[in-house]
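In this text, residue positions in the sequence shown follow UniProt numbering: the first is 1, and each later residue adds one.
Where a beta carbon is used, it is the ideal one built from N, C-alpha and C, also for glycine.
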Amino acid sequence: MKLLKKTLFLLYIPILFSCSDKKSKISNQVIQKIPVQVENKTTYAFDEIFEVVDLLTIKNSQNFPISKINKIKKIEDNLWILTSSIVLITDLEGNLNNVIQSQGYGPLEYQKLSDIHWNPYLSLVEILDSDQGKIIRYDKNGVAKNEWKNKFLRLASSFYPQENKYWIYGGTFFDGDGGRLVVVDYQNDKKLNTYFPLGDERNYLNVIEPNNFIAYNKSLLFFHTYNDTIYSIENDNLYPTYLLNFGPNRIPSEIFSQDFKDIMEFGQELEKNGFVDLINSIYFSEGNIFFRFFYEGKPISAVYSIKNKSTKIIANWKNQYGEGFSKLSSFLINMPIDSDGEFLYFSVDPYAIKSEAEKLQDDPNYDQFMLENPLIKKIIDQFDNYENPYILKLKAR
């Protein structure tokens, strides 16, 4: 069962590690070390780690069934919500303003919604279609304006605009001229630089990462999975800025040059030697850094306080009413779908909440738990009228 859970988790996440070729410019500077002592992992009550700011429904979305929210982006006074096939635009209260449904192969049509960002230099919203290798640009109301095609966008997983350049990341999937990350000049379509050259890991580390670029405090940061370093991007340079310091549990760089049959064999080797696995889902929010990793075959979440320079490592959630209620009290959240620099956003599946609650209905503590957790009760009570995902807005404590 552990292997199955990890296999399913891999379908949504990660890859990579740090090295540079002679074309890359990765500069050295003082790095802020983030202590991650995995042996100190422990259980926490959900409200010890997070303050629930809001739980939003996507109002009037009943005609647009959504199984999963892939990403969300706060752009001025709106939320842009990416699913597998449509984009929903709501105000900050979840009121639906517009829906983009343009799946196809023609101009201004997409096949796969991979990433989204606001481009302040063009004053347009940009959405990556990695299947067709293009970025489609929209005004703030969701009206398509133009598109930009580039060979490096094909099979890319994420991008970020920076003046007249685009940072484009594709991991081991795309043809980045031998690298995982490239910088492209928008005006002439030419590649300016290549970072993190691919080696033998291309044969076995083929997985998708949820996010790579972070806009925080007017800075642009970059990271990739299996790399314990977070970089600042300035012009064409990458500056190592934060180090997730796992100590003796750190993934040794030499392991990537070994020959593995697939990613599962690679993960088993890490677990056998007591190394962490799948470092990913790094999000900054108002003085805190949220991140996830695997250890001993299990997913672990962590929150680092930049002010206090301390890390809370969450092995499991706890609740006074027992294990089942502990899981339910966390809204069954997994990875964030974004951060706006202040808050973290998570997608909550009402089907999963209802299913978990039904297992506990005969427990004598059920009614009291629901009384103390009105938002969980709200999801269950509204199930017959609202079945799309909820958007959970959290603030790390």
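Own chain, CB closer than 6 Å to residue i, minus 5 neighbours either side, in chain order
i      : result
Phe383 : Pro350, Lys354
Tyr12  : Residue confidence for Tyr12 is low, a pLDDT of 39 falling below 50, so the modelled location carries little weight; the figure read from the coordinates is stated next. The answer is none, since no qualifying residue turns up.
Phe331 : Val348, Leu392
Asn206 : Thr172
Asn95  : Lys59
Leu192 : Val183, Asp185
Asp21  : The predicted position of Asp21 is uncertain, since its pLDDT is 39 and thus under 50; no value can be drawn from it.
Val38  : Asn249, Tyr295
Lys2   : Because Lys2 carries a pLDDT of 46, less than 50, the predicted location of this residue cannot be relied on, and the following value inherits that uncertainty. Here the set comprises Gly297.
Residues sharing a beta bridge with residue i, DSSP
i      : result
Ser158 : Tyr169
Asn288 : Ser285, Ser305
Pro197 : Gly179
Lys318 : Ala45
Val207 : According to DSSP, Val207 bridges with nothing at all.
Tyr239 : Ser232
Thr225 : Paired residues: none, contrary to the question.
Val125 : Trp118, Tyr138
Val52  : Leu394
Pro299 : Phe294
Spatial neighbours of residue i in its chain, beta-carbon cut-off 8 Å, leaving aside the 5 residues before and after
i      : result
Ile75  : Trp118, Val125, Lys140
Glu286 : Gly341, Glu342, Phe343, Lys395, Ala396
Ile250 : This sequence places Arg at residue 250; Ile is not what is there. For Arg250, where only same-chain residues beyond five positions count, the Cβ hits under 8 Å are Asp228, Phe275, Val276.
Gly324 : Glu356, Lys359, Leu360, Asp363
Asp381 : none
Tyr231 : Ile26, Leu221, Phe222, Phe223, Leu238, Tyr239, Pro240, Thr241
Element boundaries [beta strand (DSSP E), containing residue i]
i      : result
Ile100 : 96-100
Lys145 : 144-149
Gln268 : Here Gln268 belongs to no beta strand (DSSP E); instead the alpha helix (DSSP H) covers 263-272.
Lys59  : From DSSP, Lys59 is part of no beta strand (DSSP E); its letter is neither H nor E.
Ile214 : 213-216
Lys354 : Unbroken run through Lys354 is the alpha helix (DSSP H), 350-358; no beta strand (DSSP E).
Ile89  : 87-91
Pro336 : Where Pro336 is concerned, there is no enclosing beta strand (DSSP E), given that its DSSP letter is neither H nor E.
Lys393 : 390-396
Lys327 : Counting along the chain, Lys327 falls outside any beta strand (DSSP E), though it belongs to the alpha helix (DSSP H) covering 323-329.
Ile72  : 71-75
Pro252 : From DSSP, Pro252 is part of no beta strand (DSSP E); its letter is neither H nor E.
Pro35  : 32-35
Residues near residue i in its chain [Cβ-Cβ closer than 7 Å; skip 5 each side]
i      : result
Gly178 : Thr194, Pro197, Leu198
Lys33  : Leu243, Asn245
Gly133 : Lys149, Asn150, Lys151, Leu153, Arg154
Asp338 : Lys71, Ile72, Lys73, Tyr345
Lys112 : Asp129, Ser130, Asp131
Endpoints, alpha helix (DSSP H) assigned at residue i
i      : result
Gly179 : Taken as a continuous stretch (DSSP letters only), Gly179 belongs to no alpha helix (DSSP H), being part of the beta strand (DSSP E) at 179-185.
Glu372 : 366-372
Ser84  : That residue, Ser84, is in no alpha helix (DSSP H); it is neither H nor E in DSSP.
Taking one C-beta from the stretch 82-101 and one from the stretch 366-380 each time, how about it: are there three or more such pairs within less than 8 Å? no
So, do the stretch 251-262 and the stretch 42-54 have three or more beta carbon pairs nearer to each other than 8 Å? no
Okay, do the stretch 56-64 and the stretch 384-392 touch, 3+ Cβ pairs below 8 Å being the bar? yes
Does the stretch 301-309 come close enough to the stretch 174-189 that 3 or more CB-CB pairs lie under 8 Å? no
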